[in-house]
Amino acid sequence: MGNNLKDAQGRPVVAVTGMGLVTSLGWGKAANWAQLALGRSGIRTITRFPTDGLRTTIAGTVTCADGHPGSTPELTFAMARSAAEEALIQAGMTESPGFPGPMFVATPPAELEWPQRKALFEHPSGEGLQGYDRLLAAARTGDFKSMFETFQFATVADHLATALAPRGLPVSVSTACASGATAIQLGVEAIRRGETDAALAIGTDSSVQLEALIRFSLLSALSTRNEPPQRASRPFSKGRDGFVMAEGAGVLVLESLERAQARGAKCLGIIRGCGEMADDYHRTRSKPDGTAIIGAIRNALRDAGAAPEEIDYVNAHGTSTPENDKMEYLSLKAVLGDHLEVTPVSSNKSMIGHTLSAAGAIEAVLSFMMIENSLLLPTINYDEPDPDIPLDVVANAARRGIVRTVLSNSFGFGGQNAALVLAAAP
Amino acid sequence: MDNPTQEVWVTGIGLLSCAGEGTAAHMGAFDQGVGPAHIDTQGFAPYPVHTLAAIDMSRQIAKKSDLRQMERWQHIGVYAAGLALEDAGIAHQAHLLAETHLIVAAGSGERDASVDAKVLEAIVARGDTELSAKEILPTALRPTLFLAQLSNLLAGNISIVHNVTASSRTFMGEEMAGLSAIENAVRRIAAGQAQIILVGGALNAERKDLLLGYELGCNLWPGDYAPVWQRHTAGGGLIPGSAGAFLVLEARAHAQERGARPYASVRAIATDRARRSEPGQIRRILQQLFRQVVPDLTPMPLAILSGASGTEPATQEERDFLNNLDTDGFTPAVRAFGSRLGHTVEAHFPLGIALAALALNRGALFPPSAGDIFEDAMTTQVERILVTGVGHWRGEGMALLERVDVGRAS
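In the order they appear, the protein sequences are chains A and B. Throughout, the working numbering is defined as the position within the first sequence, counted from one, plus 162. Throughout, the working numbering is defined as the position within the second sequence, counted from one, plus 3.
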C-alpha cells in the first residue's frame with residue numbers, strides 16, 4: 163500500500179471510478195462531450211406545455227426517445243437511472259448483486275402537478291364537493307395508489323434503490339441549487355468515516371413543468387431573452403438577465419482509492435475537498451460581503467489541504483443572474499486573490515442551463531472530463547464582458563490546457579453554499 | 004479515517020406540538036397518562052388531526068418581515084429550533100452559532116388551497132388543464148409561497164432567524180428524512196466531522212393538500228381516535244400531528260468545555276430500507292437493526308419509544324418484532340408516542356429521540372397510553388431507551404440512547 167491512499171489528515175483518499183451524465187444535449191457522457199466541446203447549447207423553446215403569454219418560454223429540457231414520461235418525478239428517476247447505469251458500467255461494478263455502499267440522491271421536492279390534480283378532481287367520487295375535499299374523496303377510493311408511489315418525497319430515491327440496490331437507507335438531500343455538490347460531500351464523508359469504501363452520489367432534476375416555471379418567473383430569476391433560446395444563458399456577460407431552467411442528471415461512483423486500486427479500477431480523479439457554509443442574510447440573495455460563499459470556498463480549500471495557487475480552473479456556479487455572477491466573482495477574488503487573474507473560469511450553464519438539484523453533480527462530472535481531456539469547456543454567449551467581473555472567462559470556444567485541480571462552486575436559494583476541490587488521479 | 008470515537012450528547016431540546024411548547028409541557032402531558040391532546044375531528048373530516056397548541060410565534064421569530072416570508076410549517080420549525088438553541092445555551096452566542104451545523108428533515112410543498120380550487124374549477128369548466136393553470140397562476144400565486152414550498156427553505160429560515168451558519172443540509176423522504184437527519188448528525192459528531200449540530204424537523208399537519216399526499220395511498224385513519232396499536236383491525240391508518248422537534252447534538256468534549264450538561268447520550272443508530280414487497284420484510288429488517296444498535300446488551304427490561312404510525316402492515320410488523328424481544332429475554336416496555344402527539348412524519352424520529360432523552364434524564368419512563376392494551380408499565384429506573392422509526396411507506400431505523408450520570412437538573 164502506498165502513502166497516497168490517505169490524505170494529509172490521514173483520511174482515506176476518495177476516488178471517482180465511474181461517471182454518468184444526462185443533459186439537454188443528450189444521454190451519456192460521449193454525446194454530451196461532443197456537443198459541449200463545440201460550444202453548442204441545449205436550450206430550446208419549451209414544447210412540453212403551452213407557454214404563450216408567459217415571460218419565459220425557454221428551458222434546457224431533456225427529451226426521451228419515447229416521449230416525456232408524464233411528470234417531474236418520473237423523468238427525474240429515468241435520467242438518474244440512466245446516468246447511474248452508465249457510471250456503474252464505467253466503474254466495472256455491474257456484476258455485484260447491488261451497489262456495495264450507500265446512495266445519496268440530490269432530487270427536487272415532490273409535488274403533484276396539474277394533470278394529476280385534474281384526474282383526481284374529475285373522479286366521480288367527489289361530485290358535489292369543492293377544492294381539496296373533492297380531491298381527498300377521490301384519493302379515499304384507493305384508485306390512485308400508483309400516484310401515491312410516484313409523488314412522495316422519497317419516491318425518486320426509493321425507485322433508484324429498487325433499481326440499483328445500494329446498501330441501507332436511500333438518502334434524499336436538498337440544498338436547492340447546491341444539492342448535487344452536497345450529495346457528493348455526503349458520500350465523501352461516509353467514506354472518510356470508514357463506514358463504507360464505496361458510495362453513489364446522484365444529482366437529478368427534471369423541474370421543467372408549468373407551475374415551476376411560473377414560480378421562478380415570479381421571483382424574477384429567469385432570463386426572458388427567449389429568442390434565440392441558445393443565446394439566453396450568458397454568465398458573466400454584461401447583458402445577462404437571469405438563469406435558464408434545465409434538466410439533467412449526473413452520477414459519480416465514489417470509492418476509497420484503496421478499494422479502487424485493489425480491484426484494478428481506473429481512477430478518474432479524486433474528490434480532494436468539500437466545503438460549505440450557510441448564509442443568514444436573505445432567502446434568495448447572498449450577504450453583500452459574500453461571507454458565506456467565501457467561507458464555503460475557503461472551507462473546501464482547507465479540507466483539501468490546497469493553497470489557492472493550486473487551483474488551475476474554476477468551474478463556476480455562474481447562473482447568469484445579475485446577482486450570482488457578481489457575488490461569485492467578488493468571492494473568488496477574496497479567496498484566490500491575484501491568482502484569480504491567471505485562473506480560467508467557465509460556466510457550463512451557458513450551454514446546458516441551470517439543472518438545479520443536479521447542477522453540482524453534473525458540473526463535477528464535466529470537471530473530471532475536462533481534467534481527463536485537457537480541454538476547458540467554454541462559456542458561450544460571452545460577447546460583451548461585464549466590466550465589473552474581470553475574469554479570465556473561457557470565452558465562446560473550448561481552450562486546451564492541462565488541469566490538475568478544479569474548484570467547483572454551487573450556491574443554493576435559501577443560502578446553502580457548497581464548494582468542491584476536484585483533482586486529477588494521483 | 005476521521006477520529007471515530009466521540010460520544011454524542013443531547014444538550015438541547017426544542018418541542019412544539021399539540022401537547023404545548025417546551026420540555027416540561029411534553030413530559031407533563033405524557034405523565035398524566037391520559038389520552039391524546041388537541042384533536043380536531045371536524046376541520047378535516049373524516050380525518051382526525053392533532054392540531055398545534057396556540058403559540059405566539061413572535062417569541063422566537065421577532066421580525067414581522069420574517070414571519071410574513073414563511074408559511075406555518077416554517078414557523079413551527081423555526082420556533083422549535085429556537086427553543087432547542089435556547090435550551091442548549093447557545094442562542095444569541097454568535098461564536099457558537101457560527102460553528103453550529105444545521106440539519107433539517109423536511110417535506111413541505113405547502114399550497115394555497117384557494118388558488119388551487121380556482122384553477123381546478125377553471126380546468127373542469129374549460130376542459131383544458133394547462134391553459135387554465137397558465138392563465139390563473141401568474142397573477143394568483145404569491146411569489147413568496149414558492150419559498151415555503153421548497154424543502155430546504157425551513158433550514159434557510161432557521162439560518163436567517165437564528166444565525167446557525169456552519170453548514171446546512173436538508174434531508175427529504177417522509178419519515179426517512181428524520182432518520183437520515185439524525186443518522187447524519189450522530190455519525191458526523193461521532194467521527195469528529197462536526198462538534199455541534201442543530202437537527203430536527205417540522206410538520207404542519209393542518210393542511211388538506213398535505214393530507215392528500217398521504218391519502219393517495221389510503222394511509223389516513225378516518226374514524227374515531229384510537230391508539231396506534233389498536234387500529235389494525237380496521238385496516239390501520241395514521242392520525243397526523245403538527246409538531247416541531249429539534250435537538251442540539253454535541254460532542255461530549257465540546258459540551259464539557261463550554262459547561263453544557265446533557266440529557267442523554269446517543270449510543271448507536273442504524274437505518275435501512277425494507278423492500279416491503281412481501282410480508283415479514285419490515286420485521287426482519289427491524290431485527291437486524293436491533294442487533295446493530297444493541298449488540299451486547301444482556302437481557303433486561305428495555306424501554307422503547309416507538310415511532311409507529313398506525314399504518315399497516317408497518318405497525319403490525321413492528322409489533323411482531325417488539326413481541327419477539329420477549330423471547331430474546333428482553334422485557335420491552337413500549338410507548339408509541341404517536342398515540343398522544345399524532346404522527347409527525349419528517350419530525351417523528353427527532354421527536355422520539357427528544358422524548359427518550361427527557362425520560363432518561365429523569366430516570367423514569369412515562370406511563371402507558373390510557374386504554375392501551377399493548378403498553379406495559381415500567382417501574383424500574385430507566386437506563387437505556389430504544390427509539391424506533393418505521394416509515395408509513397418506507398424506511399426503518401433505530402437509535403439507542405443511554406442515561407448520563409452528569410445529566411441536567413430535571
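Virtual Cβ for every residue (Gly too), placed ideally from N, Cα, C.
Quiz item: From Ala-363(A) to Arg-562(A), what distance separates their C-alpha atoms?
Solution: Along the first sequence, one-based indexing puts residue 363(A) at 201. Along the first sequence, one-based indexing puts residue 562(A) at 400. Approximately 29 Å between the Cα atoms of the pair.
Practice problem: May I ask you to list, following chain order, the residues of the stretch 419-442 of chain A that have a beta carbon less than 7 Å from some beta carbon of chain B? | Solution: Glu-438, Met-439, Ala-440, Asp-441 and Asp-442
Self-check item: Rounded C-alpha distance that separates Gln-423(A) from Asn-166(A)
Solution: As a position in the first sequence, residue 423(A) is number 261, starting the count at 1. As a position in the first sequence, residue 166(A) is number 4, starting the count at 1. C-alpha separation (whole angstroms): 11 Å.
Quiz item: Where Gln-278(A) and Met-309(A) are concerned, what is the direct C-alpha to C-alpha distance, given to the nearest angstrom?
Solution: Looking up residue 278(A) in the first sequence gives position 116. Looking up residue 309(A) in the first sequence gives position 147. Cα to Cα, Gln-278(A) sits roughly 8 Å from Met-309(A).
Exercise. For Val-231(B), I'd like the list of residues in its chain whose CB is within less than 7 Å of its CB, leaving aside the five on either flank, ordered along the chain.
Key: In the second sequence, the residue the question calls residue 231(B) occupies position 228. Excluding positions up to five away in sequence, the list reads Ala-311, Ser-312, Gly-313, Thr-318, Ala-339, Gly-341 and Ser-342.
Quiz item: Is Lys-511(A) buried or exposed, if buried means 16 or more other CB atoms sit within 10 Å of its CB?
Solution: Mapped onto the first sequence, residue 511(A) falls at position 349. Looking at its Cβ environment, which holds 16 or more other Cβ atoms inside 10 Å, Lys-511(A) is buried.
Quiz item: Should Met-163(A) go down as buried or exposed, given a rule of 16 or more other Cβ atoms within 10 Å for buried?
Solution: On the first sequence, position 1 is the one that residue 163(A) refers to. Bear in mind that a pLDDT of 44 at Met-163(A), under 50, signals an unreliable position, so the number given afterwards is only what the model happens to contain. So Met-163(A) ends up on the exposed side.
Quiz item: Listing by chain order, which chain A residues have their CB less than 8 Å from the CB of Glu-113(B)?
Solution: Taking the first residue of the second sequence as 1, we reach residue 113(B) at position 110. What Glu-113(B) touches in chain A: nothing, since even the nearest Cβ is about 10 Å away.
Self-check item: Contact set for Phe-239(A): own chain, Cβ-Cβ below 6 Å, skip 5 residues either direction
Solution: As a position in the first sequence, residue 239(A) is number 77, starting the count at 1. If we look at Phe-239(A) and ignore the five residues flanking it on each side, its Cβ neighbours are Val-318 and His-321.
Quiz item: Can you find a CB in chain A that lies within less than 8 Å of the CB of Thr-168(B)?
Solution: By 1-based counting over the second sequence, the position of residue 168(B) is 165. So, interface residue.
Self-check item: Continuous alpha helix (DSSP H) assignments of at least 4 residues falling wholly in the stretch 169-228 of chain B
Solution: 178-193 and 211-218
Quiz item: Distance, Cα to Cα, Ala-256(B) vs Phe-249(B)?
Solution: Along the second sequence, one-based indexing puts residue 256(B) at 253. Along the second sequence, one-based indexing puts residue 249(B) at 246. Those two C-alpha atoms are separated by around 21 Å.
Quiz item: Taking buried to mean at least 16 other C-beta atoms within 10 Å of its own C-beta, is Arg-71(B) buried or exposed?
Solution: For the purposes of this step, residue 71(B) is taken as residue 68 along the second sequence, with counting starting at 1. Label assigned to Arg-71(B): exposed.
Quiz item: Applying the criterion that 16 or more other CB atoms from any shown protein chain within 10 Å of the CB defines a buried residue, is Arg-464(A) buried or exposed?
Solution: Taking the first sequence and counting its residues from 1, one reaches residue 464(A) at position 302. Answer is exposed; the Cβ neighbour count stays below 16.
Quiz item: If the cut is a Cβ gap below 9 Å, which residues of chain A does Pro-141(B) touch?
Solution: On the second sequence, residue 141(B) is found 138 positions in, with the first residue counted as 1. Those within 9 Å of Pro-141(B) in chain A are Gly-215, Leu-216, Arg-217, Ile-376, Ser-379 and Leu-380.
Practice problem: Measure from the alpha carbon of Gln-45(B) to the alpha carbon of each residue in Tyr-228(B), Ile-126(B) and Ser-135(B), then state which is nearest. | Solution: As a working note, residue 45(B) is residue 42 in the second sequence. The shortest C-alpha separation from Gln-45(B) is found at Tyr-228(B).
Quiz item: Bridge partners of Asp-367(A), per DSSP?
Solution: Translated into the one-based positions of the first sequence, residue 367(A) becomes position 205. DSSP, once it has assigned bridges, lists Gly-410(A) as partnering Asp-367(A).
Practice problem: Under 6 Å Cβ to Cβ from Glu-502(A), same chain only, skipping five residues before and after it: list those, please. | Solution: Counted from its first residue, the first sequence places residue 502(A) at position 340. It should be pointed out that residue 502(A) corresponds to Leu in this sequence rather than to Glu. Cβ within range, chain order: Leu-494 and Lys-495.
Quiz item: Closest by CA to Gly-1(B), which one among Gly-215(A), Leu-282(A), Gly-577(A) and Gly-452(A)?
Solution: The structure shown does not extend to residue 1(B), since chain B spans only 4 to 413, so no value can be given for it.
Quiz prompt | Contact set for Met-4(B): own chain, Cβ-Cβ below 8 Å, skip 5 residues either direction | solution = Looking up residue 4(B) in the second sequence gives position 1. Model confidence at Met-4(B) stands at a pLDDT of 39, short of 50, so the residue's coordinates are unreliable; what they give is reported in the following sentence. Correct list, in chain order: Ala-194.
Quiz item: Taking 8 Å as the CB-CB cut-off, is Glu-218(B) touching chain A?
Solution: For the purposes of this step, residue 218(B) is taken as the residue at position 215 of the second sequence. Judged by the 8 Å Cβ criterion, Glu-218(B) is in contact with chain A.
Quiz prompt | Reference Pro-418(B), options Gln-291(B), Asp-299(B) and Thr-383(B), closest by Cα | solution = Since the first residue shown for chain B is 4 and the last is 413, residue 418(B) is missing from the structure and cannot be characterised.
Self-check item: Proximity to Ile-107(B) [Cα-Cα], best of Gln-198(B), Ile-161(B) and Pro-304(B)
Solution: Translated into the one-based positions of the second sequence, residue 107(B) becomes position 104. The displayed chain sequence assigns Val, not Ile, to residue 107(B). Val-107(B) has its Cα closest to that of Ile-161(B), out of Gln-198(B), Ile-161(B) and Pro-304(B).
Self-check item: Alpha carbon of Val-337(B) to alpha carbon of Phe-377(B), nearest angstrom
Solution: For the purposes of this step, residue 337(B) is taken as the residue at position 334 of the second sequence. For the purposes of this step, residue 377(B) is taken as the residue at position 374 of the second sequence. Whole-angstrom Cα-Cα distance: 8 Å.
Quiz item: What does Ala-136(B) reach in chain A if we use C-beta pairs closer than 7 Å?
Solution: Counting from 1 along the second sequence, the entry for residue 136(B) is found at position 133. Within chain A, the residues near Ala-136(B) are Trp-276, Leu-372 and Glu-373.
Self-check item: Beta-carbon spacing of Gly-576(A), Asn-155(B) below 8 Å
Solution: For the purposes of this step, residue 576(A) is identified with residue 414 of the first sequence, where counting begins at 1. For the purposes of this step, residue 155(B) is identified with residue 152 of the second sequence, where counting begins at 1. Yes; because the gap between Cβ atoms is below 8 Å, this pair is in contact.
Quiz item: How about Glu-177(B): is its Cβ closer than 7 Å to a heavy atom in the ligand GTP?
Solution: The ligand GTP is not part of this structure, which contains no ligands at all.
Exercise. With a cut-off of 8 Å on the beta carbons, I'd call Ile-414(B) and Leu-19(B) a contact; round off their distance for me.
Key: This structure gives no information on residue 414(B), because the portion of chain B shown stretches from 4 to 413.
Quiz item: Can you find a CB in chain B that lies within less than 8 Å of the CB of Tyr-212(A)?
Solution: The residue labelled residue 212(A) in the question sits at position 50 within the first sequence. According to the sequence as given, residue 212(A) is Pro; it is not Tyr. So, interface residue.
Self-check item: Among Ala-253(A), Trp-195(A) and Ala-454(A), the one whose alpha carbon lies nearest that of Gln-578(A)
Solution: As a first step, residue 578(A) is located in the first sequence; it is residue number 416 there, counting from the start. The shortest Cα separation from Gln-578(A) among Ala-253(A), Trp-195(A) and Ala-454(A) belongs to Ala-454(A).
Quiz item: How many Å lie between Glu-546(A) and Pro-484(A) at the Cα?
Solution: Mapped onto the first sequence, residue 546(A) falls at position 384. Mapped onto the first sequence, residue 484(A) falls at position 322. Those two C-alpha atoms are separated by around 14 Å.
Quiz item: Which two residues bound the contiguous beta strand (DSSP E) that contains Thr-347(B)?
Solution: In the second sequence, counting from the first residue as 1, residue 347(B) sits at position 344. Here Thr-347(B) belongs to no beta strand (DSSP E), and DSSP marks it neither H nor E.
Quiz item: Is His-104(B) closer than 8 Å to Ser-170(B) when the C-beta atoms are compared?
Solution: The residue labelled residue 170(B) in the question sits at position 167 within the second sequence. The residue labelled residue 104(B) in the question sits at position 101 within the second sequence. Yes, the Cβ-Cβ distance between Ser-170(B) and His-104(B) is below 8 Å.
Quiz item: Can at least three beta-carbon pairs, one atom from the stretch 20-27 of chain B and one from the stretch 514-529 of chain A, be found at a separation below 8 Å?
Solution: no
Quiz item: Should His-78(B) be labelled buried (16 or more other beta-carbon atoms within 10 Å of its own) or exposed?
Solution: Taking the first residue of the second sequence as position 1, residue 78(B) is located at position 75. The residue in question, His-78(B), is buried, as its Cβ has 16 or more Cβ neighbours within 10 Å.
Exercise. Go through its chain and collect everything with a Cβ distance to Met-439(A)'s Cβ below 7 Å, but skip five positions before and after it.
Key: Walking along the first sequence from the start, residue 439(A) turns up at place 277. Correct list, in chain order: Ala-454, Gly-457, Ala-458, Asn-461 and Asn-579.
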